Amino acid sequence: MNATSATCLMIVVSLCHSDEWPLECKEGKKQSPIALSQDIAQEQEFSALIFENYNYTYPVQSKNNGHSAEIRLHVQVQPSVKGGGLPHVYSLDHLHFHWGSEHTIDNYRFPLEMHLVHYAREYGNLTNALRYNGGVAVFSVLFDLSPDNDKIFEPLVDVIEKINGQVNVIQQMTFTIEDYLPRDTAGFYRYNGSLTTPDCTEGLIWTVFTNTLPISKSQVASFPTLKTQENERLEKNYRSLQPLNGRNVHIKVSPIRHSAVVTSHWTYDDQDKWPTLCKEGKKQSPISLARDEAKEEKFEPFIFDKYNKRYAVESKNNGHTVEFRISNASDNLPTVKGGGLSDAYKVDNLHFHWNSEHVIDDYRFPLELHIVHYAIKYKNIATALNYPGGVAVFAVLFDLSPDDDETFEPLVDVVDKLQQKGNVIQHPSLIIEDYLPRDTAGYFRYEGSLTTPGCTEGVIWTVFTNTLPVSKEQVF
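Quick note on my numbering: the sequence shown kicks off at 231 and runs consecutively.
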């Protein structure tokens, strides 16, 4: 984290090198950041954090301070926080960002980390509070990559683009701090550490949330455009990991089960290496379905909106499947409600599995399509995955036909062009309704999980009993 007194950052090599940082940075025994994992943390129950005035919209001043993008509220009474095992009531001083993240979790470095820097109210300001153990509390929010731009984050990206070329130029905007806290703040790591910039003052209380916020790759890319005082690109601004030196690290586990940190480096052949939830979760997918074992239930009909609309789509070989996303995603995406669903859901993506993941009456189909939706109220799938029922997947099963299916043939043509991982194709039209069974009134319904790492549970599955035709030659 930055303090207002910090004069250099290790990335600003023309000003100073990390070996020239003050003595405490090199010899302190309680330095930050550190590598976090549940293996080194002791589980502890803390009271709930109580945030006051974090839901207000404030006028703020944003600037490039030469080391980071910094945001300060332009108010006399600052938002405050207490509880969660903190020894004081803390007032917010400022927010700033690091790219990539300074802390890592399970050896994973996130693309972005935000620090909300607070000082104990009784000490009056940050400079004075830094003189006292526990006088400063930093909340760390980690961002993980999402395929779509996060709408809440977009105004901040616009501001960064306006301040990127000039140090200390102030840009005015409005800001609601609550929007930049994880939706679930019940889970976090807690340890005693230091500033992560000179003079590396120790005695800080760190709270690193385990729940993340989504951000797209293009939104992260706006941060390295910031310039240093030497007019060089600030490519990255994170300090190296520091030794633990016997410190205690505590973790409060959220009652909401979140997906584990997952990189793209997993395979179906090494499922024993998938995260713990994939192996030990009690509501995992896929499952074997049987008509004589399912409880018959009557649901109202599904109401599909815009599933009959023609969309331009982006198709990608992501190394695990072929994925289809509607291009230039907007609020105009197809939605569905009814059918016993608790919310209205918006389409996020379509992808395929061959052979089918689900089986019905011990029969495995040659192909299975997943139409992945998120509850509209959660804005995007990354956020929705944090809530039971936030994601709903429709599974469409394909059975063999002697003839090629004409409706399916355009997708086959696309797949033929996506043989290499990372290949992307834009193509002009896809009507999702064409890939739904003609009869959507019959289906299995159960609560399960994602079928790929991190196997997040709380997913609502709808597996249609009516199938679509595909020829042997068309199966991927």
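The beta-carbon is built from N, C-alpha and C at its ideal position, and this holds for glycine as well.
No experiment lies behind these values; they were computed from the predicted model shown.
Query raised in the report: Where residue 542 and residue 644 are concerned, what is the direct C-alpha to C-alpha distance, given to the nearest angstrom?
Result: 13 Å
Report task. Could you tell me the distance, in whole angstroms, from the CA atom of residue 419 to the CA atom of residue 687? Result -> 22 Å
Query - CB-CB length for residue 480 against residue 272, believed under 8 Å - result: 5 Å
Query raised in the report: Can you tell me the Cα-Cα spacing of residue 388 and residue 656, whole angstroms?
Result: 27 Å
Requested in this report: Under 8 Å by Cβ, that's how I've got residue 276 and residue 482 pegged, so tell me the actual separation to the nearest angstrom.
Outcome: 5 Å
Query raised in the report: Would you report the Cα separation of residue 442 and residue 582, rounded to the nearest angstrom?
Result: 27 Å
Query - Residues bridged to residue 577 [DSSP beta-bridge criterion] - result: 603
Query raised in the report: Can you give the Cα-Cα distance for residue 432 and residue 253, rounded to whole angstroms?
Result: Taking the Cα positions, residue 432 is about 12 Å away from residue 253.
Report task. Note down, in chain order, each residue of its chain lying with its Cβ closer than 8 Å to the Cβ of residue 463, except the 5 sequence neighbours on either side. Result -> 454, 455, 456, 457
Query raised in the report: Between the stretch 596 to 604 and the stretch 401 to 410, are three or more C-beta pairs nearer than 8 Å?
Result: no
Requested in this report: Using a threshold of 8 Å, state whether the C-beta atoms of residue 692 and residue 673 are closer than that.
Outcome: yes
Query raised in the report: Between the stretch 378 to 392 and the stretch 355 to 370, do at least 3 Cβ pairs fall closer than 8 Å?
Result: In this structure the stretch 378 to 392 does not touch the stretch 355 to 370; the number of beta carbon pairs closer than 8 Å is below three.
Report task. Starting from the N-terminal side, write out each stretch of the beta strand (DSSP E) that is 3 residues or longer and does not extend beyond the stretch 422 to 464. Result -> 432 to 439, 443 to 445
Query raised in the report: What residues in its chain sit with their C-beta under 6 Å from that of residue 374, if we drop five residues either side in the sequence?
Result: 340, 442
Requested in this report: Buried or exposed for residue 494, please, with buried defined as at least 16 other CB atoms from any protein chain shown within 10 angstroms of its CB.
Outcome: Interpretation of residue 494 is limited by its pLDDT of 48, a score under 50 that renders its predicted location unreliable; no figure is taken from the coordinates.
Query - Backbone CA spacing between residue 448 and residue 615 [nearest angstrom] - result: Per the coordinates, the alpha-carbon of residue 448 lies some 22 Å from the alpha-carbon of residue 615.
Query raised in the report: What separation, rounded to the nearest whole angstrom, lies between the Cα atoms of residue 536 and residue 576?
Result: 10 Å
Query raised in the report: According to the neighbour-count rule (16 or more other Cβ atoms, all chains shown, within 10 Å of its Cβ), is residue 261 buried or exposed?
Result: Counting the other CB atoms within 10 Å of its CB gives residue 261 a total of 16 or more, which places it among the buried residues.
**Report entry** C-beta atoms of residue 467 and residue 345 nearer than 8 Å
**Finding:** no
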